Structure formats: structure tokens, C-alpha cells
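Its first residue numbered 1, the sequence shown is counted upward by one per residue in full-length UniProt numbering. The C-beta atom is built at its ideal place from N, Cα and C for all residues, glycine as well. Values in this document were obtained by computation on a predicted structure and should not be read as measured data. What follows is a short report on a single structure.
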Amino acid sequence: MNHVRSLMRPAGRRAAAVLLAAAALYAVPYSTLRLPGVFDGPLDSPGVLQLLAVCLLFAGLALSYDLLFGHTGIMSFGHGLFVTGGMYVTTILVNHAGYGLVPAALAGLGVGLAAALVLGSVALRVDGIGFAMVTLAFGQAVSLLVVSGSPALTGGEQGQTLNAGAVPAALSGVRNTANLYWLALGYLAVCAAVLWWLTTSVPGRVMRAVKENERRVEVLGLNPYLFKLLAFVVAGLLATGGGVVYLLLLGGATPVVAGSDFTLGLLVMVVLGGAGRRWGVVAGAVLYAYADQSLTRLSGSASVAALPGALRGPLQQPLFLLGVCFVAVVFFLPGGLATLPARLRASKTRVGHGVRTRNGRRAQRAGSRHSGLSADASATQPRSPIRRSAPQAGPNVLPGHNAASSTGAAEEGVTPHG
């Protein structure tokens, strides 16, 4: 009974909703449901599972970036370098050093942790635009190193394919796409759990206070630098793990993740969903990743190629279409997708209030008309020619007694009968 009551509380309802969503996502590879117009095949097909796995991966990466931007107020343009580190360190150790996948992935996580500590210690000495420029400079340096530094190790602009012999059989091949989907789902669950644990703890509350008013945190005797460094390191470590998962999904390392466009994409996902709101960030990332894949196919379709040149040019640019969608969402939903339920409830309340107000006004007008008709009816009603005389004041006079005797009896304190 107590368990049922706990589920009825807001926290219990949220936990139940999360568990139901996790169970539904876990069961997707077992479903043969078709969604025409959304996916090209059933949900259990390898192509659909691959697309969904990418969406879940980017949802986890967006949560790691939201820890910086949404909860601590730090705008970094170098978040992609941690994804690059996890992806390329693992690939290089597997392909060129003969490491197994698990030791190489752990080494990649260690490199990402060290890079986050070093970069955070340096970049967080400055605030605002200065911090953004420092992280952008580090990100561009890593991008140049990957593309032009040592093509024999990194593969240059073409990237490098991961040695298939080092990948476990359960994570390779089209038949095992469901396992990759579950791997991406597990990564998202880890990111969500870490973010929930950190943001609901005391350090997370201090991070939120740093975002709101860093000077006030200093006045309280706390060091904002340490809490910002903690957020930066945790976010960097989560992003490094995302790089390892992305490597397995793609089957190799790609220099695309090292560019500043990749980090800007994460920023757009966070803003699209609602900065600082976990489920909104997840929704924004899934929507962005799905739209990116779908609009890429749309831009190369025959229907777009048959359009006039004035329309064909913009529609053949997926980034243009994504930009239009982003501007539309920001314009109509300034707080992101996370504010949509509250806006719908407020709109429903306004509509209900408007209906009640209109009904009240109609009733008031009907009452006014009814009162007017009653007044007109009373004004036009004919009066009786016999005028009633008003009752005379004074004591009652009984038959057989005159007024004087009654008055005198009253003055003597004797009743008229006696």
C-alpha cells in the first residue's frame, strides 16, 4: 500500500514514467511495428535500429553538454574534442598498438579525463567569451591534428576504419544492430543517471547557483572555479565515452566530430530541447538527429531535384532546412520543447476561462433582459380603482367597547375584559 502511495506522488510518477519509457525503448528491437512516413521499414529492421541508435547516442552527448551550458552556464566550443579523443585514441590503440577493444576504450577514457582536467584548468581561468574562445582554439587545434598531423595514424580527411577483428562478434555485423542499439541506449541511461545524480546533489545546486549569480557564490565563501571544473571534467568524460560508442556505431573514426560544427550541433540540440531540462534536451537531440538524417535523404531525392532552381537550391542544403526548423522552434517556443506541455496547459486554461467568461456574460445579458421585461410588465400593469386604506395605529378596539374605555383600562393596568 505504501508503495502504491509513493507512486502517486510527483516523484514517484516521474520515476514510473522513466521506467516505462526505458522499458519501451528496450523493447524496440522486438517490435515489427511500421510507421509509414517516419521510417522506411519496421522498427526491428537494421536500418531503423541504426538510425535510432544514432539518435540515442546524440541524446547522451547533448546531456553531457547540457551539464555545462544548461546547469552551470558555461558555453564551450570545444566539446567535440573529447568525442574525438575517445574515438581516435581507441582506434589508434586497436589498429596500430594491438590493444583489445576494452583496454583501448579504457585508455581513451583516461586520455579524455586528463584532457578535461588540463583544458578545464586553463580555460576556466577566464569567463564568458574568453572561455569560449579558448575552448574553440583547443578544438581547432585537435581538428588540425586529426586531419593533417599524422595521416598514417588518423587517416586524414577520410578517417580510419576500426579493425573488425578486435570488435566482439556481438557488436559487429548487420545482424547484431540490435546490440548496438542497446549499447547506445545504455550510454544514454548512464548519462541521464550521472546528470540526475550530480544536479540533485549539493555540488549540482552550487553549479546552478554559479549559473545564476557567481558573485553571490563567492560571497558565501565557496569557490566557483572548483565547481565549474567539476562540471567540465564530468561532461568531458561522458563525451569521451560517447566517442567510443560512436566509433562502434560507425565502424571507424571520422574527423567530422573534431570540427566546431559538431559542437555547435550539440548546442543547437540543447537550445532546441530546453537548456537545463533533461527530458527536453533528450527530445531536442533525438529530433535534431532524426531531422539531420531525414533531410539529408530529402535533399537528394528526385522530388527535390525536379523543383525550380529557386527552390531546389535551398532545399538541397540540409543545414539550411535545419536552420529554418531551429529558428521556427526558437521563435514559437522560446524555452524549447520542454515548455510545450506547460504552454498547452496554459492555452487550455485560457480557452476554458474564455468559455466560462462568455457563458457568464451571456447569462448576465439574459438576466438583464429578463429584469427589463419584468420592470416593463410592472410599469404597464393596470392599477385597481379601489385604494386600500392603511391600517390605523393604536390599540385594537373590541366589539362592545369604546376607545376611551379601552384606553383608560390600559392606563389603570387592567385588561379590557376585566
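Give me the DSSP bridge partner(s) of residue i.
i	result
R34	P42
T161	G252
Below 8 Å CB to CB, which residues in the same chain sit around residue i once its five sequence neighbours on both sides are set aside?
i	result
Q381	Bear in mind that a pLDDT of 49 at Q381, under 50, signals an unreliable position, so the model cannot answer this.
A132	M75, S76 and F77
L337	L272, G273, G274, G280, A283, G284, L287 and V329
L136	F77, G78 and S260
A171	For the sequence presented, residue 171 should be read as Leu rather than Ala. Cβ neighbours of L171 beyond the five flanking positions: N179, L180, L183 and L248.
L68	I74, M75, S76, H79, A231, F232 and A235
G335	G274
Excluding the five sequence neighbours on either side, which residues of its own chain have a C-beta within less than 7 Å of the C-beta of residue i, listed in chain order?
i	result
N396	With a pLDDT of 43 at N396, under the threshold of 50, the modelled position of this residue cannot be trusted, and the question is left open.
L298	V304
V206	V217, L222 and F227
R387	Low confidence applies to R387: its pLDDT is 44, below 50, so where it sits in the model is not reliable enough to give any reading.
A166	V94, G100 and L101
E157	V147 and P255
G159	G252, A253, T254 and P255
Within 10 Å of its beta-carbon, does residue i have 16 or more other beta-carbons around it, so buried, or fewer, so exposed?
i	result
S389	Model confidence at S389 stands at a pLDDT of 45, short of 50, so the residue's coordinates are unreliable; what they give is reported in the following sentence. S389 is exposed by the Cβ-count criterion.
P29	buried
Q317	exposed
L19	exposed
Q364	exposed
N179	buried
P151	exposed
H96	exposed
K228	buried
Q233	In the sequence under discussion, the amino acid at residue 233 is Val, which differs from the Gln named in the question. V233 is buried by the Cβ-count criterion.
S301	exposed
S121	exposed
A169	exposed
R345	exposed
I92	buried
A17	exposed
F331	exposed
L144	exposed
T32	exposed
R278	buried
S64	buried
V54	buried
P341	exposed
G323	exposed
A21	exposed
P103	exposed
L220	exposed
L319	exposed
T349	exposed
T296	exposed
A310	exposed
V202	exposed
A105	buried
Between the options, which lies nearest to residue i when the distance is taken from Cα to Cα?
i	options	result
Y88	L333, T254 and L344	T254
A231	A116, L248, L144 and W279	A116
G242	A16, G85 and A27	G85
L113	L237, L307, P334 and R278	L237
residue 419	L51, A22, W182 and A342	Given that the chain is displayed from residue 1 to residue 418, the structure contains no residue 419 and the question cannot be resolved.
L119	A105, P103, G100 and A141	A141
A123	G110, L109, F138 and V111	F138
A23	G149, L185, W197 and V256	L185
T154	V94, R215 and G265	V94
W196	T339, C325 and G70	G70
R215	D127, G110, V324 and A105	D127
Y26	L56, A239 and R34	L56
V83	Y246, V174, C325 and R125	Y246
L321	A306, S294 and R343	S294
T199	L109, F262, L264 and G276	G276
V38	G12, A291 and R125	A291
V111	G159, G41, A239 and V257	A239
L81	T90, T339, F262 and P308	F262
G98	S347, G204 and N163	N163
Near residue i, which residues of its chain fall below 6 Å by C-beta distance, leaving aside the five closest residues on each side in sequence?
i	result
T161	G252
M269	A62, G284, A285 and Y288
A15	none
K211	T72 and G73
D66	V270 and V281
Contact criterion: CB-CB distance below 8 Å. Does residue i meet it with respect to chain D?
i	result
S294	No chain D appears in this structure, which consists of one protein chain only.
| said: Counting beta carbon pairs with one atom in the segment 58–65 and one in the segment 183–197, are three or more of them shorter than 8 Å? | reply: yes
| message | Three or more C-beta pairs under 8 Å: does that hold for the segment 166–182 against the segment 46–53? | response | yes
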